[in-house]
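Trainee: Residues 20 to 395 (my numbering) are what the sequence shown spells out, left to right.
Have a look at this one before I ask anything.
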Amino acid sequence: MQQPLGSQDAAAEVSVVIPLYNEEGNVRPLYEELVRALAGLGRPWEVCFVDDGSRDGTWDQLLDVAGDDSRVILVRFSRNFGQTTALAAGIRSTTGRIIVTLDGDLQNNPADIPRLLDVLERGYDVVHGRRQRRQDSFWTRRLPSLAANWLIRRVTGTEVRDLGCALRVMRRELAERLELIGEMHRFIPVMADSLGALSVEIDVQHRPRSSGRTKYGLGRTFRVLRDLAVLASLSRGRRTPMSRFSGSAVASGLLGIGLMFCGIVGIAGSAAARTAFLLAGEIAWFSSVAMWNLGLLAEHLVRGSGWEKNALPLYRIVAPGSESVRSAVSPQISPMDSGRSAAPPAVIPFLQAKTAHSPSFQKSPESQSACMGTRP
20 MQQPLGSQDA AAEVSVVIPL YNEEGNVRPL YEELVRALAG LGRPWEVCFV DDGSRDGTWD
80 QLLDVAGDDS RVILVRFSRN FGQTTALAAG IRSTTGRIIV TLDGDLQNNP ADIPRLLDVL
140 ERGYDVVHGR RQRRQDSFWT RRLPSLAANW LIRRVTGTEV RDLGCALRVM RRELAERLEL
200 IGEMHRFIPV MADSLGALSV EIDVQHRPRS SGRTKYGLGR TFRVLRDLAV LASLSRGRRT
260 PMSRFSGSAV ASGLLGIGLM FCGIVGIAGS AAARTAFLLA GEIAWFSSVA MWNLGLLAEH
320 LVRGSGWEKN ALPLYRIVAP GSESVRSAVS PQISPMDSGR SAAPPAVIPF LQAKTAHSPS
380 FQKSPESQSA CMGTRP
């Protein structure tokens, strides 16, 4: 097992998390741009590169970068697990109270990070980037993205227009509560809204890819539709699963009673018709009982696992002259760990102890006029 690379004398306040997959030619230029962008922040920072099972020389380039800068943390997967898993690992491996995420293909401009951080400090929980003048193919990238964004907004009600932009900043209290499972990184704005986070979307730059090959194509459209169906299904009645089953169970039970009544009183006339009514009524009745029991089982699973406690929305405790974001979960316990198996193998463990974060901020009256917010 390799040891974690990268350590710091002072605890970082800003943590940048970047998943990489076969981006050998972009590692060094990306690192240099990040250093220039973060140097003027006036607060300690760290950068976590997550090598998601690259098969080229990405890891060797990362080792060179980490050898030159102790603020660089490296995480490596034995194979490709996907961007969502890489983001989750990067968040767990950092300590900053503010999390910055962006892609490793240099299409996101690190120079936009200070501007997003300034907006975050005006009282928001997450600031999403919205790519201007996208430098991608219209038919294979931009058109499917427009269609997917429109559909997601219609289904989920989110007001974020560019859900595919990886450049965003958020508070750790929110980042640790996101359920980064499967390929749900596309729905971070939707999950943030479901937690009651105050979010805003501002324009950011977008550049053409200068090295490597894109990992996305038309095939991702079908995955987006699949994940959207799962998200829409889980979001309804998730805190009280019984509500998902009780209505259908009652309706099916009433239908079964009606059908059996028709068969018993002989409203259909012939013996074959009465038998069919009775049989259909029994099937409907047993389906009602089955759905009711499934609802009870789901309730027991949710309450027994403690998920409901970890799923409390973000809330604020307001004191005279100040306003603080407080997490309903202990900083040492992440909701991502609740009810889940251990992280995928071959992740370099982060040995530095994590610190608790309880950021305080003043809500600026000019925050609404500076940019377009999803929740004014």
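For each residue, glycine too, the CB sits at the ideal point set by N, CA and C.
(1) Taking the beta strand (DSSP E) that Glu220 belongs to, which residues open and close that run?
(2) Between the C-alpha atoms of Pro384 and Asp137, what's the straight-line distance to the nearest angstrom?
(3) Here's a check: name, in chain order, each residue in its chain whose Cβ is nearer than 6 Å to the Cβ of Asp400, leaving out the five neighbours to either side.
(4) Need the endpoints of the beta strand (DSSP E) that Gly148 sits in, please.
(5) Applying the criterion that 16 or more other CB atoms from any shown protein chain within 10 Å of the CB defines a buried residue, is Leu273 buried or exposed?
(6) Among Pro48, Val36, Ala30, Ser34, which residue has its Cα nearest to the Cα of Ser229?
(7) Within 8 Å, do at least three Cβ pairs link the segment 197-210 to the segment 123-137?
(8) Taking the alpha-carbon positions, what's the Ser267 to Ser306 distance?
(9) Kindly indicate which residue of Gly59, Ala56, Val33 has the alpha-carbon position closest to the one of Cys67.
(10) Going by DSSP in three states, Asn168 sits in which element: helix, strand or coil?
(11) Trp311: which of Phe264, Glu51, Ile118, Ala295 sits nearest, CA to CA?
(12) Mind checking Arg141: buried by the 16 CB within 10 Å criterion, or exposed?
(13) Contact check, Met261 vs Gly314 under 8 Å by CB: the rounded distance?
(14) Contact defined as beta carbons within less than 8 Å: I believe His204 pairs with Gln151. What is the distance between those atoms, to the nearest angstrom?
(15) Just to check my reading of the structure: Tyr50 and Asp71 have Cβ atoms closer than 8 Å, yes? What is that Cβ distance to the nearest angstrom?
(16) Let's see if you can read the secondary structure: which residues bound the alpha helix (DSSP H) around Met203?
(17) Could you tell me which of Gly115, Ala185, Ala317, Gly275 sits nearest to Val223, measuring between CA atoms?
(18) In three-state DSSP terms, what is Val179?
(19) State buried or exposed for Ala291, treating a residue as buried only when at least 16 other CB atoms are found within 10 Å of its CB.
(20) Whose C-beta lies closer than 6 Å to the C-beta of Lys373 among residues of the same chain, with five residues either side of it excluded?
(21) With distance defined between alpha-carbon atoms, name the residue in Asp79, Arg134, Phe296, Val69 nearest to Ala105.
(22) So what does Ser34 bridge to, in DSSP terms?
(23) For Val209, which residues in the same chain have their Cβ closer than 6 Å to its Cβ, ignoring the five residues on either side in sequence?
(24) Measuring from the CB of Asp71, is there a heavy atom of the ligand NAD at a distance below 8 Å?
(25) Quick check: the Cα distance between Tyr275 and Ala295, rounded to an integer number of angstroms?
(26) How should Gln154 be labelled, buried or exposed, when 16 other C-beta atoms within 10 angstroms of its C-beta is the threshold for buried?
(27) Smallest Cα separation from Thr103: which of Ile37, Ile132, Arg116?
(28) In whole angstroms, give me the CA-to-CA distance for Leu82 and Leu316.
(29) Measuring only the C-alpha atoms, how far is Leu77 from Val179?
(30) Buried or exposed for Trp64, please, with buried defined as at least 16 other CB atoms from any protein chain shown within 10 angstroms of its CB.
Mentor: Short version:
(1) Working through the sequence shown from its first residue, we reach residue 220 at position 201. Residues 218-223.
(2) Walking along the sequence shown from the start, residue 384 turns up at place 365. Walking along the sequence shown from the start, residue 137 turns up at place 118. Unreliable positioning characterises Pro384 in this predicted model, as indicated by a pLDDT of 43, which lies under 50. The coordinate reading is nonetheless provided below. In a straight line, the C-alpha of Pro384 is about 14 Å away from that of Asp137.
(3) The structure shown does not extend to residue 400, since the chain spans only 20 to 395, so no value can be given for it.
(4) To locate residue 148, count along the sequence shown from 1; it is residue 129. Following the DSSP letters along the chain, one finds Gly148 inside the beta strand (DSSP E) bounded by residues 145-150.
(5) The residue given as residue 273 occupies position 254 in the sequence shown. Exposed is the call here.
(6) Taking the first residue of the sequence shown as position 1, residue 229 is located at position 210. Of Pro48, Val36, Ala30, Ser34, the smallest CA-CA separation from Ser229 is found for Pro48.
(7) Counting Cβ pairs under 8 Å, fewer than three are found: no touch.
(8) Position 248 of the sequence shown, counting from 1, holds the residue named residue 267. Position 287 of the sequence shown, counting from 1, holds the residue named residue 306. The alpha-carbon atoms of Ser267 and Ser306 are separated by roughly 9 Å.
(9) By one-based count along the sequence shown, residue 67 stands at place 48. Answer by Cα proximity: Val33.
(10) Here residue 168 is taken as the residue at index 149 of the sequence shown, counted from 1. Here Asn168 sits in helix by DSSP.
(11) Looking up residue 311 in the sequence shown gives position 292. Nearest option by C-alpha distance: Phe264.
(12) Counting from 1 along the sequence shown, the entry for residue 141 is found at position 122. With a threshold of 16 other beta carbon atoms within 10 Å, Arg141 meets it and is buried.
(13) As a position in the sequence shown, residue 261 is number 242, starting the count at 1. As a position in the sequence shown, residue 314 is number 295, starting the count at 1. Gly314 and Met261 do touch by the CB rule: their CB atoms are close to 4 Å apart, below 8 Å.
(14) Locating residue 204 in the sequence shown gives position 185, counting from the first residue. Locating residue 151 in the sequence shown gives position 132, counting from the first residue. Not a contact, Cβ separation roughly 21 Å.
(15) Indexing the sequence shown from 1 puts residue 50 at position 31. Indexing the sequence shown from 1 puts residue 71 at position 52. Not a contact, Cβ separation roughly 17 Å.
(16) Looking up residue 203 in the sequence shown gives position 184. No alpha helix (DSSP H) contains Met203, which DSSP labels as neither H nor E.
(17) As a working note, residue 223 is residue 204 in the sequence shown. The shortest C-alpha to C-alpha distance from Val223 to any of Gly115, Ala185, Ala317, Gly275 is the one to Ala185.
(18) The residue labelled residue 179 in the question sits at position 160 within the sequence shown. Coil.
(19) Indexing the sequence shown from 1 puts residue 291 at position 272. The residue is exposed, with fewer than 16 neighbouring Cβ atoms inside 10 Å.
(20) What you label residue 373 is simply residue 354 of the sequence shown in a count that begins at 1. Bear in mind that the predicted position of Lys373 carries a pLDDT of just 36, short of 50, making it too unreliable to give a figure here.
(21) Here residue 105 corresponds to residue number 86 of the sequence shown, with the count starting at 1. Ranking Asp79, Arg134, Phe296, Val69 by Cα distance to Ala105 puts Val69 first.
(22) One-based indexing of the sequence shown puts residue 34 at position 15. In DSSP, Ser34 forms a bridge with Glu65, Ile118.
(23) Taking the sequence shown and counting its residues from 1, the one referred to as residue 209 is at position 190. Short of 6 Å from the beta carbon of Val209, and not among the five residues preceding or following it, lie these beta carbons of its own chain, in chain order: Thr175, Thr177.
(24) The ligand NAD is absent from the structure shown, which contains no ligand whatsoever.
(25) Translated into the one-based positions of the sequence shown, residue 275 becomes position 256. Translated into the one-based positions of the sequence shown, residue 295 becomes position 276. With the sequence shown as reference, residue 275 is identified as Gly, and Tyr is not the correct amino acid for it. Each residue's alpha carbon lies about 12 Å from the other.
(26) Sequence index remark: in the sequence shown, residue 154 carries index 135 (1-based). Around the beta carbon of Gln154, fewer than 16 other beta carbons lie within 10 angstroms, which makes this residue exposed.
(27) Here residue 103 corresponds to residue number 84 of the sequence shown, with the count starting at 1. Each of Ile37, Ile132, Arg116 was checked against the Cα of Thr103, and the nearest Cα belongs to Ile37.
(28) The residue labelled residue 82 in the question sits at position 63 within the sequence shown. The residue labelled residue 316 in the question sits at position 297 within the sequence shown. Answer to the nearest angstrom: the Cα atoms are 49 Å apart.
(29) In the sequence shown, the residue the question calls residue 77 occupies position 58. In the sequence shown, the residue the question calls residue 179 occupies position 160. It should be noted that the sequence gives Thr, not Leu, for residue 77. Looking at the two C-alpha atoms, the distance is approximately 32 Å.
(30) The sequence position of residue 64 within the sequence shown is 45, counting from 1. A buried status is given to Trp64, since no fewer than 16 other beta-carbon atoms sit within 10 Å of its beta-carbon.
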